[in-house]
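In what follows, a structure is listed as structure tokens, so that the remarks can point back to it.
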Amino acid sequence: MQAAPARKTAAKSTATKTAGKSNGTKKSAGTKTSRSPRKSKTGTAGKSATPTPKVAKVTETVEPEDIEDVDVDLADVEVDLVEDVAATEEDEAAAEDADFVWDEEESEALRQARKDAELTASADSVRAYLKQIGKVALLNAEEEVELAKRIEAGLYAAERMRKAEDEGEKLNPQLRRDLRWIIRDGEKAKNHLLEANLRLVVSLAKRYTGRGMAFLDLIQEGNLGLIRAVEKFDYTKGYKFSTYATWWIRQAITRAMADQARTIRIPVHMVEVINKLGRIQRELLQDLGREPTPEELAKEMDITPEKVLEIQQYAREPISLDQTIGDEGDSQLGDFIEDSEAVVAVDAVSFTLLQDQLQSVLATLSEREAGVVRLRFGLTDGQPRTLDEIGQVYGVTRERIRQIESKTMSKLRHPSRSQVLRDYLD
């Protein structure tokens, strides 16, 4: 705990010496400046014997505060001018937009230009990020160990202060200052170790592009794994930090892809099973020279063929019906898919005629007989009724409804009534 005060004392002495040197430099400069007027005055007297009339110089002393006020006033004037010009330009642009009429081709071109601009902006963002992280130099093994020690000391100091606050312990002011200094130094070391390894995240994120997540999103998720690696790195094991951090970065990226890459979220453990099935399927395809069967996949994974089919069903990705088809992109996928629930025009007309014929045939029966047939076969609302339900409607017994139904069906089988409906049986 005495190393920190020693560092601070050395820093203070260095700062004092630096300040002394700067003051000495200022004094020397002032001395040289004061001598120069004398030399110029003597030289002038030697060249000209004619006495020069003395002219009284009127000088106005300007204080530093007045200079700042002048600068502020000028800045205000410039801001006002800029705001006036901007307001004028906005009014002119609004007037031009009001008079301008977009046609369909120009609107489509504008949308395409916006898409291109978004792609360009994304590429520029990646390029700017890579340029920024490339400014930090890479670390060697000794520097990584040194930073890890400082991080560990900062974590220990933070835990010490937290424990003292929880227990109500009053720390010595000097000890508290030392602990705070160590904590800040540990945070600086942590940031340095993070910034020096951001390029490692980019190199690993490149391997997972094109799988449902943007490149910048992969980098951000990998950075979270890098932070976790910095917090848990143990330099006493003797491994390089990059070797240890690679595992955490890959885990963070794959977990994020499992949670966010799919339209329908699949649990992480099932995503791992799907990836394993895909890996085994590729290996068998290479060995057998053909697509493996579900039985062969089940044997390799030690599961049932039904389970293999279920996993393959989960692995399917949904596609949009609005997806464009063809080179020109003027057709959509939904235009080529048959609607199984759509009614054919011929069938719709035939069904309408059948309803009309049924109503004509039922009109030849009595009101009760026609009502019993409609309820029994669901001709009104599509819901057939039982004999008991029909009996409750008419207030008679179940047996009486059965007798009415039998008598009515005999009437309907008569050729005078059934002939018009026989054509619809085909």
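For the sequence shown, this note's numbering assigns the number 106 to the initial residue and increments by one for each residue that follows.
In this text, a Cβ means the ideal position worked out from N, Cα and C, and glycines have one as well.
Residue from F346, A475 and Q279 whose Cα sits closest to the Cα of L298: On the sequence shown, residue 298 is found 193 positions in, with the first residue counted as 1. Minimum Cα distance to L298 is reached at F346.
Beta carbon of A366 nearer than 8 angstroms to that of M406: The residue you call residue 366 lines up with position 261 of the sequence shown. The residue you call residue 406 lines up with position 301 of the sequence shown. Contact flag unset, no.
Beta-carbon proximity list for Y529, same chain, < 6 angstroms, skipping 5 on both sides: The sequence position of residue 529 within the sequence shown is 424, counting from 1. Cβ contact annotation for Y529 (same chain, cutoff 6 angstroms, sequence separation greater than five): L459, in chain order.
Extent of the continuous alpha helix (DSSP H) run through N296: Taking the first residue of the sequence shown as 1, we reach residue 296 at position 191. Here the alpha helix (DSSP H) through N296 covers P278 to A301.
Beta-carbon spacing of I287, A246 below 8 angstroms: For the purposes of this step, residue 287 is identified with residue 182 of the sequence shown, where counting begins at 1. For the purposes of this step, residue 246 is identified with residue 141 of the sequence shown, where counting begins at 1. No, the Cβ-Cβ distance between I287 and A246 is not below 8 angstroms.
DSSP three-state assignment for T166, whether helix, strand or coil: The residue labelled residue 166 in the question sits at position 61 within the sequence shown. Any reading at T166 must be qualified, since the residue scores a pLDDT of 46, below 50, and its modelled position is unreliable; the value itself is stated next. Correct three-state label for T166: coil.
Secondary structure of S425, DSSP reduced to three states: Position 320 of the sequence shown, counting from 1, holds the residue named residue 425. Residue state, collapsed to three classes: coil.
Outcome for V451 when other beta-carbon atoms lying within 10 angstroms are tallied against a minimum of 16: Looking up residue 451 in the sequence shown gives position 346. Under this definition V451 is an exposed residue.
Status (buried if at least 16 other CB within 10 Å, exposed otherwise) for A447: On the sequence shown, residue 447 is found 342 positions in, with the first residue counted as 1. Counting Cβ neighbours within 10 Å, A447 comes out exposed, since fewer than 16 surround it.
Test item: CB-CB of I358 and A301 under 8 angstroms: Position 253 of the sequence shown, counting from 1, holds the residue named residue 358. Position 196 of the sequence shown, counting from 1, holds the residue named residue 301. Not closer than 8 angstroms, so no.
R255 classed as buried or exposed, judged by whether at least 16 other C-beta atoms fall within 10 angstroms: Taking the sequence shown and counting its residues from 1, one reaches residue 255 at position 150. With at least 16 other beta carbons inside 10 angstroms of its own, R255 counts as buried.
Local Cβ density within 10 Å of R316, reported as buried at 16 or more and exposed below that: Position 211 of the sequence shown, counted from the first residue, corresponds to residue 316. R316 is classed as exposed because its beta carbon has fewer than 16 other beta carbons within 10 Å across all chains shown.
Exposed unless 16 or more other CB atoms sit within 10 angstroms - verdict on E388: The sequence position of residue 388 within the sequence shown is 283, counting from 1. It counts as exposed.
Contact belief for A269 with L260 at Cβ below 8 angstroms, rounded distance in angstroms: Working through the sequence shown from its first residue, we reach residue 269 at position 164. Working through the sequence shown from its first residue, we reach residue 260 at position 155. Incorrect: roughly 15 angstroms between the Cβ atoms, too far for contact.
C-alpha gap between K132 and Y344, whole angstroms: Mapped onto the sequence shown, residue 132 falls at position 27. Mapped onto the sequence shown, residue 344 falls at position 239. Only weak support exists for where K132 lies, its pLDDT of 39 falling under 50; the value from the coordinates is given anyway. If you draw a straight line from the Cα of K132 to the Cα of Y344, it is about 55 angstroms long.
The alpha helix (DSSP H) enclosing G383, as first and last residue numbers: Walking along the sequence shown from the start, residue 383 turns up at place 278. That run of the alpha helix (DSSP H) goes V373 to L393.
Cβ neighbours of A294 in the same chain (closer than 6 angstroms, five flanking residues each side left out): As a position in the sequence shown, residue 294 is number 189, starting the count at 1. Once the five neighbours on either side are set aside, the close Cβ partners of A294 are L252, R255 and I256.
Three-way DSSP call (helix, strand, coil) for I430 in this model: For this step, residue 430 is matched to residue 325 along the sequence shown. Under the three-state reduction of DSSP output, I430 falls in the strand class.
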